[in-house]
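In full-length UniProt numbering, the protein residues as written are 1 to 240.
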């Protein structure tokens, strides 16, 4: 039996879903630590990005932080953080994934505020709003589509990368793949493929869900403007 057939058989076995440590348990672990990591990243990146965007300073800092966090491989963080007070297990995984989530969250928060029309900002100040009020009542609502886009990117990246948590006893769907490698390829090949399909399926589902959320929170005029910008970029590339 080839690995594809083995994967189909393995996924269709109800016991592989419901047994302790089965797919449902691992899926719950995967989703919970991914959600915690993204929310932790939001707590760090969004306030910083919004404030830097509001002040109009720190663009270089945003790029530097994004590049630094992207330059450090998540697997390296997963092997270093367990040696600290966090220890092996989920806390180290969540922190490592949160660091990985920061770049898109930070960059989109900063960009969202900077994209606000300067005339709109000046009009708000002319009405007597303080800087904090301008940020809260004007810039933040207009930046919501960008925040949603950054959240979508971060969520998909974290969900896909969380499979590496198995290397430091973090749980998640990666455990299914690791256990498959513990067997011979002839026996465990189907389980390895099944685990990979589960991770990929979850990542695609998260992408589709948050793409819908991003569309819902993006005002219709802004959607049309984005489509026109995308069309112009495509025309420029194709030379038409």
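For glycine and all other residues, C-beta sits at the position ideal for the given N, C-alpha and C.
Sub-9 Å separation of residue i and residue j beta-carbons
| i | j | result |
| --- | --- | --- |
| residue 78 | residue 168 | yes |
| residue 100 | residue 156 | no |
| residue 29 | residue 182 | no |
| residue 52 | residue 62 | yes |
| residue 112 | residue 65 | no |
| residue 33 | residue 125 | no |
| residue 105 | residue 151 | yes |
| residue 217 | residue 123 | no |
| residue 244 | residue 74 | Residue 244 lies beyond the residue range present for the chain, which begins at 1 and ends at 240; the question has no answer from this structure. |
| residue 110 | residue 50 | yes |
| residue 37 | residue 93 | yes |
| residue 22 | residue 15 | yes |
Contact belief for residue i with residue j at Cβ below 8 Å, rounded distance in angstroms
| i | j | result |
| --- | --- | --- |
| residue 76 | residue 41 | That belief does not hold up - the Cβ atoms of residue 76 and residue 41 are roughly 18 Å apart, past 8 Å. |
| residue 173 | residue 199 | 5 Å |
| residue 194 | residue 176 | 7 Å |
| residue 115 | residue 146 | 7 Å |
Coil, strand or helix - residue i by DSSP
| i | result |
| --- | --- |
| residue 235 | With a pLDDT of 48 at residue 235, under the threshold of 50, the modelled position of that residue is not reliable, and the figure given next carries that caveat. Residue 235 falls in the helix class under three-state DSSP. |
| residue 195 | helix |
| residue 13 | coil |
| residue 201 | helix |
| residue 115 | coil |
| residue 145 | helix |
| residue 8 | helix |
| residue 219 | coil |
| residue 57 | coil |
| residue 91 | helix |
| residue 85 | coil |
| residue 66 | helix |
| residue 20 | coil |
| residue 230 | Any answer about residue 230 is weak, because its pLDDT of 46 lies below 50 and its placement is not dependable; what the coordinates show is given next. Residue 230 falls in the helix class under three-state DSSP. |
Nearest-angstrom Cα separation, counted from residue j out to residue i
| i | j | result |
| --- | --- | --- |
| residue 179 | residue 192 | 8 Å |
| residue 129 | residue 54 | 14 Å |
| residue 26 | residue 4 | 21 Å |
| residue 82 | residue 68 | 20 Å |
| residue 184 | residue 31 | 29 Å |
| residue 190 | residue 196 | 10 Å |
| residue 236 | residue 215 | Reliability of the predicted coordinates at residue 236 is poor, the pLDDT of 45 falling under 50, and no value is obtained from them. |
| residue 48 | residue 60 | 13 Å |
| residue 87 | residue 153 | 28 Å |
| residue 17 | residue 9 | 12 Å |
| residue 45 | residue 107 | 8 Å |
Buried or exposed (CB count within 10 angstroms, at least 16 for buried), residue i
| i | result |
| --- | --- |
| residue 80 | exposed |
| residue 57 | exposed |
| residue 141 | exposed |
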